[in-house]
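As structure tokens, the structure follows; a few thoughts come after it.
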Amino acid sequence: MFASSGTVNALFRLGDDLAVRLPRIAGGAGDVEREHHWLPRLAPALPVPIPTVLGEGAPDDGFPWPWTVHRWLDGENPREGRVARPGRLAADLAEFIIALRGIEPADGPPAYRGGPLREVDEETRTALGRLGATIDTGAAATAWEQALAAPGWEGPPVWVHSDLMPGNLLVADGRLSAVIDFGTAGVGDPACDLIPAWNLLPAPVRKDFRTALDVDDATWARGRGWALSMALIQLPYYRETNPTMAANARHVIDQVLLSPP
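Numbering-wise, our numbering comes out as the position in the sequence shown, counting from 1, plus 1.
Right under this line is the structure:
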């Protein structure tokens with residue numbers, strides 16, 4: 002089994018060129034059909050490799066859900082605070098996001114985080130209540146209110162990955178080498194793909210990332226809100242079970258509270 006901080010799928014390397022991906026939970030089983038259908042359609046338009054599904058396994062008495070065999074993608078997950086070439090990675094991420102947005106959205110499924118922030122308001126506030134003195138919940142609540150107050154997306158829906166966490170990115174020599182796990186991808190508000198600005202990229206290149214994507218104030222505010230909401234929900238959920246996810250959540254909260262709306 003390949004060690005990772007992933008929470009939905011377990012990855013097993015098969016020889017030098019293949020990977021076997023098995024859902025850990027029932028909620029991940031639907032991703033198999035979604036990725037099998039959409040990945041071949043997205044891949045030709047993107048500047049870096051994404052998973053290639055080579056085979057699909059059926060559930061049986063030994064394993065209850067469908068699973069897939071992918072082509073192995075080289076690289077390693079970047080870590081917050083340890084980005085070797087932040088300016089270059091910011092540019093690479095922007096190029097990927099722009100290319101993904103440019104794909105024809107017709108018939109694309111709704112993205113997991115492609116709707117308005119208010120859809121996660123209750124869950125975000127519940128997480129704030131569970132965090133207690135762990136963080137500055139007053140400042141976090143204010144930042145969340147600022148995000149909710151931002152105007153919603155009024156443009157057409159675009160393709161988004163919607164889960165550009167460090168664990169879903171691969172880098173080599175400081176460059177983005179691949180993007181994985183498209184289980185939440187679909188069409189919607191592009192704000193959700195701005196989360197690397199707070200979960201990975203250091204503050205000095207955040208403005209360059211935003212400029213490359215030509216993001217307006219409202220979209221930037223919603224992206225900041227998505228990053229904060231995800232982190233607030235992840236921290237109490239993973240702090241005892243997934244140190245990598247919990248550490249990134251703390252990092253995001255710190256970065257959001259230090260940055261302007």
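Built from N, CA and C at the ideal position, the CB exists for glycine as well.
Which residues bound the alpha helix (DSSP H) around residue i?
i: His71; result: Here His71 belongs to no alpha helix (DSSP H); instead the beta strand (DSSP E) covers 68-72.
i: Pro244; result: 244-259
i: Phe97; result: 87-102
i: Gly56; result: Unbroken run through Gly56 is the beta strand (DSSP E), 54-58; no alpha helix (DSSP H).
i: Ile234; result: 218-239
Suppose contacts are defined by Cβ-Cβ distances below 8 Å. Is residue i in contact with residue j by that definition?
i: Leu236; j: Arg225; result: no
i: Ile136; j: Leu43; result: no
i: Ile196; j: Ala228; result: yes
i: Ala128; j: Cys193; result: no
i: Leu177; j: Val49; result: yes
i: Ala144; j: Leu19; result: no
i: Pro67; j: Gly76; result: no
i: Ala85; j: Gly175; result: yes
i: Leu101; j: Val172; result: no
i: Val121; j: Ser230; result: yes
i: Pro79; j: Leu233; result: no
i: Leu40; j: Pro52; result: yes
i: His162; j: Val180; result: yes
i: Cys106; j: Pro45; result: According to the sequence provided, residue 106 is Pro. The question's Cys does not apply to it. It is not a contact, given that the beta carbons lie outside the stated cut-off.
i: Trp199; j: Gln147; result: no
i: Val21; j: Val70; result: yes
Tell me residue i's beta-bridge partners as DSSP assigns them.
i: Trp154; result: The partner list for Trp154 (beta bridge, DSSP) is empty, contrary to what the question assumes.
i: Ala20; result: Arg14, His71
i: Glu81; result: DSSP output for Glu81 lists no bridge partner at all.
i: Asp281; result: Residue 281 is absent from the model: the chain starts at 2 and stops at 262.
On the criterion of 16 or more Cβ atoms from any shown chain inside 10 Å, does residue i qualify as buried, or is it exposed?
i: Arg211; result: buried
i: His38; result: exposed
i: Gly184; result: buried
i: Phe13; result: exposed
i: Arg223; result: buried
i: Asp17; result: exposed
i: Glu36; result: buried
i: Ile26; result: exposed
i: Phe3; result: With a pLDDT of 48 at Phe3, under the threshold of 50, the modelled position of this residue cannot be trusted, and the question is left open.
i: Glu81; result: buried
i: Phe64; result: exposed
i: Leu15; result: exposed
i: Pro191; result: buried
i: Arg72; result: exposed
i: Asp32; result: buried
i: Thr242; result: exposed
i: Asp217; result: exposed
i: Val253; result: buried
i: Gly109; result: buried
i: Ala186; result: buried
i: Leu118; result: buried
i: Ala247; result: buried
i: His204; result: Note that residue 204 corresponds to Ala in the displayed sequence, not to His. The residue in question, Ala204, is exposed, as its Cβ has fewer than 16 Cβ neighbours within 10 Å.
i: Gly115; result: buried
i: Pro87; result: buried
Grab the span of the beta strand (DSSP E) containing residue i for me, first residue to last.
i: Val33; result: No beta strand (DSSP E) holds Val33; the alpha helix (DSSP H) holding it covers 31-43.
i: Val161; result: 159-161
key: beta strand (DSSP E) runs contained entirely in the region 166-214, provided each spans 3 or more residues   = 170-173, 176-180, 187-189
query = Unbroken alpha helix (DSSP H) runs of length 4 or more, entirely within the region 103-142: which are they?
reply = 122-132
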